[in-house]
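Data first, discussion second: the structure below is written as structure tokens.
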Amino acid sequence: MRKIIIAGAFVLTLFTVISSFTRSPDKSKDYLQTQGKWADSLLASMTLDEKVGQLFMMATYSNRTEKYYQQVENNIANYHIGGLIFFQGGPHRQARLTNRYQQLSRVPLMIGIDAEWGLGMRLDSVIDFPKQITLGAIQDNAYIERFGQEVGRQCQRLGIHINFAPSIDVNTNPDNPVINYRSFGESQINVAEKGLAYVRGMKRYHVMGSAKHFPGHGDTDQDSHHTLPVVTHSMKRLNEVELYPFRRLIADSIGTVMTGHLLVPALEARGNTPTSISERIVTEIIKNQMGFRGLTVTDALNMRGITQGLQPGEPEFLAFMAGNDILLQTGNLPAAFNRIKKAVETGQIPTDVLDARVKKILMAKYWAGLGNYKPVDMAGLGADLNGRKSLELKTALFEQAVTVARNQDNLIPFNHLDTLSFASVAISADYDNEFQKTLSQYANFKNFVVPFKPGSEKDIAWVLDEASKYKVVVVSVHGMNSRGDRNYGVTPATLDFIHQLGKRTHVVVCAFGNPYGLRLYSHTRNLICGYEDDPASHRVVPQILFGALPARGRLPVSIDNDLKVGAGIQTQRLGRVSFGDAESVGMNGQKLDEIAQVVKQGIDNRAFPGCQVLVARKGRIVYNRSFGTLRYGLYEPVTNQTLYDIASMTKVSATLQGVMMLNERGAIDLNEKLSTYLPELKGSNKEKMLISDILLHQAGLVAFMPFWEKTKTGSTYNPEYYSFSKDSLLMPANLQVAGNLYIKPAIRDSVWKWVIDSKLINTQDRQGGYRYTYSDLGLIMMQKLVERITNQPLEEFLEQNLYEPLGMTSTMFNPLLKFPKTTIAPTENEAGYRASQIQGTVHDPNAALLGGVSGHAGLFSNASDLVKLFQMNLQNGYYGGRQYLFPETTRHFARNYTQKSHRGLGWDKPGDSDSPIVGSSASPNSYGHSGFTGTVVWVDPDRELIFIFLSNRVYPVSTNNKINTLRIRKRIHEIINESLVLQ
């Protein structure tokens, strides 16, 4: 067992305590006394070997063999090393080794890592955050501090005390082979501000940062891992640019400064004396002139930039003599250890100098929490390092960074979707890539994938011809790198393709790689920098293209004469739905996970074979999952693209939208009699019905009439209405009812006559009016009203005025006209009217009689498409840069104006708290509708919340009511409301 000696007399030394390792000012005095006492007591008990060992931080790995790990243990035992810096491996392996190694060391080990963009830079199974050059594009440095805080939290959780980051090198050389994307960019002010934010974030978790690589590795074209770069700038230039970020971070109490292996003649006149072993630079400039009181640490001492021409152990000795406190990654521990020990024994290194350095290290260890060392807790480690907040932050960073570099055609964000046709070409990408999948969430795209880097024009000649047929083509370039000498990984054939395509149509290039690579697209009129070939960036860029998110990023480096550092076109949101994590909109994602258990219970109990569940808040889809299968017993998984018969949700998704549009245009007066617009109602029992009463379901209409019974005798279909073939020479094409059964279009007139002649309910209230009776017939009548006024079929009016402009590419009546049957969830295996399995044609028999298009049923869609419509309603008629409805229209229709029921004008409202569909926690202003097939939509304007549930609970029989007895929809709705975090 390791033992840490703390006992011993307290001695207050004249040692200047570094401000980097203090806590809040009101506690600093007591804290400093405790910190100093711990360090002094430990120092007093240490042997010379233990003191010398504290100077060394050795490189180690968690992906090696047991023999290797035992060698590390030998180094800890024999050389009493002060710390370890972990590189390749995994978090669980590293945590176990950290606990194992700490148990061997009398003085707790300082654990470090070089994790500039988070632990994922070094470890597998851990989230990768954006590189520093990507972060350099972000304008709000609060996001950088959040990033630093999350990196600090993860480091602390893994038992890491120092992160050798950030790189505050000002990268002014595009050909820099070693810094480049590791820098925040070429503006010294931007680099400094972001470096400060990064370090402040880590400090919150008592993780030290490191300003590197002093005095600046940004303007070199050589790699100090292999040789010794020379920085030839004047003192004036160094002060203005390279040293500026270091002064800022030192003034803000950075914990460590890393000295680079660089030759800088303006700072060190002696030839062949790198910064890392220059006493003038380390002691006189960093410590004395700049006032740094933290730990100076060398860059890796096994790099050829420092080892060339020196004997083993000599680089470490020279680095110590220069004033460095920590000697990082020695290439020969025995030689280095013995060289420094001998220097102390001979007086070449005074004992008080060694003690002062060691005490600084011990003080830092105390600040990092090692005065009260605790092993890394293995329980839940993976979940803690890859939590929802980490993923949400990564997305947020890309949202802030993505940069619109050019928008010369004024295309971005895309507007007026009904006037555009879209194609996309993904070069060097997977077929099922996230970028094109996200594009297709917003519009109907023809997607082309070139899964390799084209080597010649012939490779993509066909794609060029096909893509050029569309008005807008989005070309995404993947597989880029940071090497300018390798054309950033882009082939000449790719560039020629983009150039030729731009001559034929509008092209938007989305470059997922190093921003310096934008110079390849100097003739491209519309250009976006996604910075990294990462799925998070792939999801963000389409959202910016369509105005679901604004573009906020600015280039962190200069590209050419036109695109200078700071360039970037700021675009506005157009109100389209975006995609993100629940936490980003004040919801608890862990609570939303409970939805899956409720759905599983429904599927296990055969309430429905599968379903879609979507949750959106504040314009952002935060939950969109598909469960189960299309039918029982077959592997036909439900996807987000699966189409469902939404049944009575048609009323509010189609017919009511038309009524609202016409009402606000003055074409319909809700207080007028329907017979005013439909004179054929005069003389019937419906002559005096008010439109408002019909929408409120209090006009006296019966709930339902089985009109199909008038068209069939036993099992025989009346040939006056039906045909077993689709085509006819004498009339418009017949409309499919089921399988090979077709309805003749003329039946619509018969159905309308049957509606007019239908009886009314025989009960009235005390005021002589009709009581509330939910009726399908009223919405059939509303369909006729919309069609009469617009002189268009309902489906055409909605497609032209609503669905197509909104980008609703999967919402339609009679989906078999466009989609294969396999993409549509089956409904009932009907024994009566159609005596067949229904799939792709409407389940409701009256809607089937009307050719699949009815005011009360017939619409097919999926949750991903429907959310656009209901987000428009939630946003008071605004969506995608266009005002579809007046701001007050939906609110007006969604109010309750009657005491006879809880209903609004067409919309359902919260009613009985015992409802099996709507959560009892729904707010009074919320509205929505459910469908007989097992569907519901609920919009809550007070909470800016949308809930959509689609299923085919009527498969295989409509008498299955388990979805209600189990209260599946209600329970999911309750979970959603409970997931809201108080803000």
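Numbering (the numbering used here), first residue to last: 97 to 1079. By construction, the Cβ of each residue, glycine as well, lies at the ideal position given by its N, Cα and C atoms.
Pick from 707, 678, 702 that is closest to residue 692, judged by C-alpha positions: Out of 707, 678, 702, the CA that lies nearest to the CA of residue 692 is found in 707.
Three-state class that DSSP yields for residue 260 in the structure shown: Reduced to three states, the DSSP call for residue 260 is coil.
Nearest candidate by alpha-carbon position, reference residue 308, set 848, 267, 995: Nearest option by C-alpha distance: 267.
Host alpha helix (DSSP H) of residue 648 (start-end): For residue 648, no alpha helix (DSSP H) encloses it, and the DSSP letter there is neither H nor E.
Three-state secondary structure assigned by DSSP to residue 675: DSSP places residue 675 in strand when its eight states are reduced to three.
Range covered by the alpha helix (DSSP H) that runs through residue 512: DSSP places residue 512 in no alpha helix (DSSP H); its state is neither H nor E.
Proximity winner among 813, 696, 631, 158, relative to residue 224 (alpha-carbon distances): Cα-wise, what sits closest to residue 224 is 631.
Cβ pair count under 8 angstroms reaching 3, the stretch 930 to 944 against the stretch 791 to 805: The stretch 930 to 944 is in contact with the stretch 791 to 805.
Residues bridged to residue 860 (per DSSP): Bridge partners of residue 860: 866.
Buried versus exposed, by CB contacts within 10 Å (16 or more), residue 1118: An answer regarding residue 1118 cannot be provided, because it is not within the stretch 97 to 1079 covered by the chain.
Beta-carbon proximity check, residue 436 vs residue 688, cutoff 8 angstroms: Taking 8 angstroms as the Cβ cut-off, residue 436 and residue 688 do not qualify as a contacting pair.
Span of the alpha helix (DSSP H), counted from its first residue to its last, around residue 331: Counted as a single uninterrupted DSSP element, the alpha helix (DSSP H) harbouring residue 331 occupies residues 331 to 336.
Entirely enclosed alpha helix (DSSP H) segments - the stretch 738 to 784, minimum 4 residues: For the stretch 738 to 784, whole alpha helix (DSSP H) runs of length 4 or above, ordered along the chain, are 752 to 760.
Close Cβ partners of residue 119 (< 6 angstroms) along its chain, the five nearest in sequence each way excluded: Because the pLDDT at residue 119 is just 45, under 50, the model does not fix this residue reliably, and the point stays unresolved.
Alpha-carbon to alpha-carbon, residue 980 and residue 672: Computed Cα separation, rounded: 13 angstroms.
Buried or exposed (CB count within 10 angstroms, at least 16 for buried), residue 827: Confidence in residue 827 is poor, its pLDDT being 49 and thus under 50, which makes the residue's placement too unreliable to answer from.
Among 189, 166, 155, nearest to residue 209 - alpha-carbon criterion: It is 155 whose Cα lies nearest to the Cα of residue 209.
Limits of the unbroken beta strand (DSSP E) element including residue 1034: It spans 1031 to 1036 - the beta strand (DSSP E) in which residue 1034 sits, taken as one unbroken run.
Simplified DSSP assignment, three categories, for residue 1004: Residue 1004: strand per DSSP, three-state reduction.
Endpoints, the alpha helix (DSSP H) within which residue 1103 is located: Limits of the chain in this structure are 97 at one end and 1079 at the other, which puts residue 1103 out of reach.
Beta-ladder partner(s) of residue 544, from DSSP: 521, per the DSSP bridge assignment.
Residue 324 (DSSP reduced to helix, strand or coil): Note: residue 324 maps to coil in three-state DSSP.
Alpha-carbon to alpha-carbon, residue 532 and residue 809: The straight-line gap separating the alpha-carbon atoms of residue 809 and residue 532 is approximately 52 angstroms.
DSSP three-state assignment for residue 295, whether helix, strand or coil: It is helical.
Close beta carbons around residue 121, own chain, < 8 angstroms, minus the five adjacent residues each side: Per-residue confidence for residue 121 stands at a pLDDT of 41, beneath the threshold of 50, marking its modelled position as unreliable; no derived number is given.
Assumed close pair residue 350, residue 390 - CB separation to whole angstroms, cut-off 8 angstroms: Correct: roughly 6 angstroms between the Cβ atoms.
Three-state class that DSSP yields for residue 733 in the structure shown: DSSP places residue 733 in the strand class (E or B) of the three-state scheme.
Beta strand (DSSP E) segment containing residue 354, residue limits: For residue 354, the uninterrupted beta strand (DSSP E) run begins and ends at 352 to 355, by DSSP.
Alpha carbon of residue 459 to alpha carbon of residue 614, nearest angstrom: Looking at the two C-alpha atoms, the distance is approximately 47 angstroms.
Residue environment, residue 928, which counts as buried when at least 16 other CB atoms sit within 10 Å: Its Cβ having fewer than 16 others within 10 Å, residue 928 is exposed.
Inter-residue Cα distance where the pair is residue 747 and residue 952: The alpha-carbon of residue 747 is positioned some 5 angstroms away from that of residue 952.
Coil, strand or helix - residue 819 by DSSP: When DSSP states are grouped into helix, strand and coil, residue 819 belongs to the strand group.
Continuous beta strand (DSSP E) stretch holding residue 719: start and end: Where residue 719 is concerned, the enclosing beta strand (DSSP E) stretches over 716 to 724.
Straight-line Cα distance separating residue 570 from residue 795: The C-alpha of residue 795 lies about 52 angstroms from the C-alpha of residue 570.
For residue 251, the residue or residues it bridges with in DSSP: Looking at the DSSP assignment, residue 251 forms no beta bridge with any residue, so it has no partner.
Paired residues, beta bridge with residue 812 - DSSP: Paired residue(s): 809.
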